[in-house]
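For reference, the structure is listed below as structure tokens.
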Amino acid sequence: RRPGAELPSEGSAGAGSSGSRWRCKMGEQTDCADNGPEVNYFSMEEVKTHDKSKSTWLVIHDKVYDVTKFLEEHPGGEEVLFEQAGGDATESFEDVGHSSDAREMLKQYFIGELDLADRKNENSKDVLITTSSSHSSWWTNWLIPAFAAGVIGLMYRLYLFETRNPS
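For reference, each letter of the sequence shown is one residue, going 27 to 193 in the working numbering.
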């Protein structure tokens with residue numbers, strides 16, 4: 027258990043009846059005794075169990091949404107949601123380019139957040155690091171393209187010479 031976190035009581039509000047949710051004040055990780063807004067935390071394992079038509083959950087930007095009631099209304103069809111059900115749909119959601127209305131609509135299906143241990147670090151994107159000195163930069167940026175242009179120019183002149191003076 028997370029320090030200071032309390033498991034919700036049996037009759038507490040929230041989707042599903044699993045005991046793996048944590049109720050904490052938003053932004054607080056150690057002190058959950060305050061009466062501030064509460065957030066349910068779900069593990070990815072729990073989200074994965076909600077991949078059926080009777081209970082369809084998605085994770086988008088580390089937030090968990092119960093889209094079960096939205097399945098029939100989704101403009102792209104329910105199959106699109108089923109493909110992502112029980113998993114992280116962030117990339118698919120962003121790739122489609124949803125409107126601001128669609129993003130606003132998401133709020134009504136919000137049921138909690140992904141457990142901190144299961145979150146992907148969005149700041150750790152693949153970064154390609156190229157190390158080069160100023161000399162190699164000059165070499166690759168000017169000399170090689172100039173040489174290539176010279177070779178192409180000579181080939182073109184040779185081609186013109188061959189076509190004008192057939193043997």
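Here a beta-carbon is modelled for each residue, glycine too, at the ideal position from N, C-alpha and C. Bear in mind that the values here come from a model prediction, so they are computed numbers and not experimental data.
Whole angstroms is fine: what's the gap from Lys195's alpha carbon to Met70's?
Past the boundaries of the shown model lies residue 195; the chain is included only from 27 to 193, so the question cannot be answered.
Are the CB atoms of Thr75 and Gly113 nearer to each other than 8 Å?
No, these two residues do not count as a Cβ contact at 8 Å.
Compare the Cα-Cα distances from Lys133 to each of Leu84, Ile178, Pro192, Leu186 and report the closest residue.
Residue Leu84 is the option with its Cα nearest to Lys133.
Who are the Cβ neighbours of Glu104 in its own chain at under 7 Å, not counting the five residues just before and after it?
Same-chain partners within the cutoff: Leu97, Glu98.
Quick one: grab the DSSP three-state call for Ser126.
DSSP places Ser126 in helix when its eight states are reduced to three.
Anyone know if the C-beta pair for Tyr67 and Glu139 falls short of 8 Å?
In this structure, Glu139 lies closer than 8 Å to Tyr67 by Cβ.
Is the CB of Thr116 under 8 Å away from at least one CB in chain D?
Protein chains in the displayed structure number just one, and chain D is not present.
Can you tell which of Ile137, Leu180, Leu186, Trp168 has its C-alpha closest to the C-alpha of Glu16?
Here the chain covers residues 27 to 193 and nothing more, so residue 16 does not appear.
The alpha helix (DSSP H) that contains Tyr182, what's its start and end?
Start and end: 170–190.
Give the C-beta separation of Leu107 and Val93 to the nearest angstrom, bearing in mind that I take them to be a contact with Cβ-Cβ under 8 Å.
With a Cβ gap of about 6 Å, Leu107 and Val93 count as contacting.
Could you pull out every residue in the same chain whose Cβ sits closer than 6 Å to the Cβ of Phe119, ignoring the five residues on either side in sequence?
If we look at Phe119 and ignore the five residues flanking it on each side, its Cβ neighbours are Ile86.
Counting only the same chain and skipping the five closest in sequence on each side, list residues whose C-beta sits under 7 Å from that of Asp77.
Excluding positions up to five away in sequence, the list reads Ala111, Gly112.
Where does Tyr135 land, buried or exposed, given buried means 16+ other C-beta within 10 angstroms?
Flag for Tyr135 reads buried.
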